[in-house]
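See structure below.
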Amino acid sequence: MNRRSLLCGVAALPFLAASAMAQQATVTLVAYSGIFQDRYTAAVVEPFMKANPDIKIVYAGAPNSAQMLGAARAQKASPQADVVIMDIAVSKAATDEGLFEKIDEKNVPNVADLYPNARSPDIAGVAVTFDNLVMIYNSEAIKKAPTSLAALADPANKGQVAIPGFPDIQGLSLVMILDKVNGGGGVASKFEKGVDAMAPIAPNVQTWDPKPDVYTPIINGQATIGIGWNARSQVNSDASGGKLKAVIPSEGSVFQINTINLVKGAPQAAAAAKFVNYALGPEAQKAFTESMFYGPTNAKAPVSEAAAARTALRSIDRMIPVDWIAVAKVRDAVGEQWRRKVLPLSR
Amino acid sequence: MSAGAPGARGPMLAVALLIPIFAVNALVFFWPTFNLFKMSFIRGEATGALTDETTLANWTGLFRDSFYSELLVSSVTISLVITALTLVLSYPIALYLHRARGLRRTVLLVLVISPLLTSAVVRTYGWIAILSDGGLVNSLLKALGLPAQRLIFNTQGVVLGLAEILMPYMILALLAGFGRLDARLEEAAATLGARPRQAFWRVVLPLSLPGVMLGCLLCFVLAVSSFITPKLLGGGRVFLLATEIYDQAIVTLNWPLAATLSMVVLIVFGLALALYARAARL
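Residue numbers (the working numbering), protein chains in the order written: chain A, 1 to 347; chain B, 1001 to 1282.
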């Protein structure tokens, strides 16, 4: 008798668990895999789940924004994801195809506290992280800390420069900075002066396609200087015990923007909006900036001075404004100049 | 129970046996390929957004921009060079293996196949370690007082890396095609007064041609479609169809152009197959 009731109880357990699960909304978040996933899960996703036990976040990692767009396109008829974090240029394409829901103060109140450049009428989502281009170098090979992009053209660094070249937006960003410094006309002139300014750098370049990323060859000394993104450079700097160092060039830098987006027709729309609101709130923004050194997009995020100094927050005056959506329209033209003028100089 | 019964059932049985492979191919090859074909006629925005409109611009653009014809020529040329190099490196090994017997043959065969157990990514990184500026070859050159050479992040590196990676395929294809090669024919040639070189050119090589053609077709197709090795060893300087398709699809987000280029690769494959079929009949 006793044994029988115990068996019945055990048999009923899965059903009890299932009914508890039914009350828990499962939100699928699609964002970058790798170190971004690790840090974002610890800094934002887990604290959110602790504060909202009724919502479970499943983080589905993807290696790049294009694959996220591919998945969103394939699932347009019946979306599986609720929230997507991706590069702003890709989110523009997704917006134009009607894949995302517009985010504003009405469905996500924390939008009101975002920096003005975190919002754009052309895209459905809003900025969730600001990153920026930095010059990176191996501090054991290069003793005197470089400050200017001129170091990339220094004959002492011949064959030692690693630049993720066009069509990667890091190479494109470098062209945009050089265009500005040399008095170019930006988008209107298809960054021609910026491409021309690559001429003294090109002969120094060892690889235009560093693998697995630009940080690894610089840390292991295969290359000694290059360009990369600030957040990953800061993380790699710590991981390499300061071997890799990053500096915002004296010529200035540009922002790379990741947007957070609500999928149209998402299975858990309400819970997803709640998560997006949290991700844009001061607490999550502070936590992720202090974990991975992406600049916060919420103006009220109380970021510690130590972390802020490792982002572009204290160098805003050196940041060159970029309209990534306008840039996308002249990208092919820049690519053509790049192949004609830059690559032949670096055979 | 008549003798004709199995023959009559033959075609039906063959069809039944072919259905699974046809179904698999229809699902994972013909259907996606058809979708790619459709995609190549879709008009995309500069931002990467796809529209509902159709256009021929993706195809006409290939002819208007000389970059794409150069891309096609360089892809085919580099693949041919890789195929030739692979053949030259593999032929003696395959011939030796063909003649080896017993345990020696088994051990050597395992050695030939064993690189296939490691992924091409790992083997490519191996080449980076060997060929990079501070790598094995350049350290040796420096020790001998010679100037260091740039061996990777250019066409040379891609050719060398891919040739090594494709060697097992070439050797296996050659071995499969060496069936008609009988050691007694060489002995016969020798007794009739042929010098070893003559015997090779007049007897061994012609008899091994089916294997050579099969191996070349296989390596050419694998080289044209290879992506990881050119990406890792090309340093952004070597432009091939496969790497350009990746860039257009993943970085520039121009899916219609990527689809068009994929169709071009398919056409190159078709031509290679047609050439092979023609050569095999001769």
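We treat Cβ as the ideally placed atom computed from N, Cα and C, and that holds for glycine.
{"query": "Sequence ranges, alpha helix (DSSP H) only - wholly within the segment 1235-1278 of chain B, length at least 4", "result": "1241-1246"}
{"query": "Enclosing beta strand (DSSP E) for residue 1043 of chain B [first to last residue]", "result": "1042-1044"}
{"query": "Cutoff 7 Å: residue 337 of chain A Cβ touching any chain B Cβ", "result": "no"}
{"query": "C-beta atoms of residue 1254 of chain B and residue 1044 of chain B nearer than 7 Å", "result": "yes"}
{"query": "Contact with chain B by residue 208 of chain A, beta-carbon distance below 7 Å", "result": "yes"}
{"query": "Chain-ordered neighbours of residue 64 of chain A on chain B, where CB pairs are closer than 9 Å", "result": "1250 and 1251"}
{"query": "Reduced DSSP category for residue 33 of chain A - H, G, I as helix; E, B as strand; rest coil", "result": "coil"}
{"query": "Any chain A beta carbon closer than 7 Å to residue 1235 of chain B", "result": "yes"}
{"query": "Contacts of residue 1050 of chain B in chain A (Cβ-Cβ under 9 Å)", "result": "73, 93, 96 and 97"}
{"query": "Chain A within 7 Å of residue 1132 of chain B, Cβ atoms only", "result": "yes"}
{"query": "Exposed unless 16 or more other CB atoms sit within 10 angstroms - verdict on residue 347 of chain A", "result": "exposed"}
{"query": "Distance between residue 33 of chain A and residue 147 of chain A (C-alpha atoms, nearest Å)", "result": "32 Å"}
{"query": "Residue from B:1210, B:1033 and B:1221 whose Cα sits closest to the Cα of residue 1281 of chain B", "result": "B:1210"}
{"query": "Pairwise C-alpha distance: residue 259 of chain A and residue 135 of chain A", "result": "24 Å"}
{"query": "Alpha-carbon spacing of residue 214 of chain A relative to residue 58 of chain A, whole angstroms", "result": "30 Å"}
{"query": "Residues near residue 266 of chain A by beta carbon distance below 6 Å, same chain, minus five either side", "result": "79, 82 and 272"}
{"query": "Length of the line joining the Cα atoms of residue 179 of chain A and residue 210 of chain A", "result": "23 Å"}
{"query": "At least three beta-carbon pairs within less than 8 Å, the segment 121-128 of chain A to the segment 89-103 of chain A", "result": "yes"}
{"query": "Where the beta strand (DSSP E) containing residue 60 of chain A begins and where it ends", "result": "55-62"}
{"query": "Bridge partners - residue 253 of chain A, DSSP secondary structure assignment", "result": "A:319"}
{"query": "Opening and closing residue of the alpha helix (DSSP H) in which residue 1181 of chain B lies", "result": "Counting along the chain, residue 1181 of chain B falls outside any alpha helix (DSSP H), and DSSP gives it neither H nor E."}
{"query": "Under 9 Å from the C-beta of residue 167 of chain A: neighbouring residues of chain B", "result": "1247, 1248, 1251 and 1252"}
{"query": "N-terminal and C-terminal residue of the alpha helix (DSSP H) that residue 176 of chain A is part of", "result": "169-181"}
{"query": "Assigned exposure category for residue 23 of chain A - 16 Cβ within 10 Å defines buried", "result": "exposed"}
{"query": "Three-state secondary structure assigned by DSSP to residue 1058 of chain B", "result": "helix"}
{"query": "Buried/exposed call for residue 1005 of chain B, threshold 16 Cβ in 10 Å", "result": "With a pLDDT of only 49 at residue 1005 of chain B, under 50, the local geometry of the prediction cannot be trusted, and no value is derived from it."}
{"query": "DSSP three-state assignment for residue 338 of chain A, whether helix, strand or coil", "result": "helix"}
{"query": "Where residue 1082 of chain B falls: helix, strand or coil (DSSP)", "result": "helix"}
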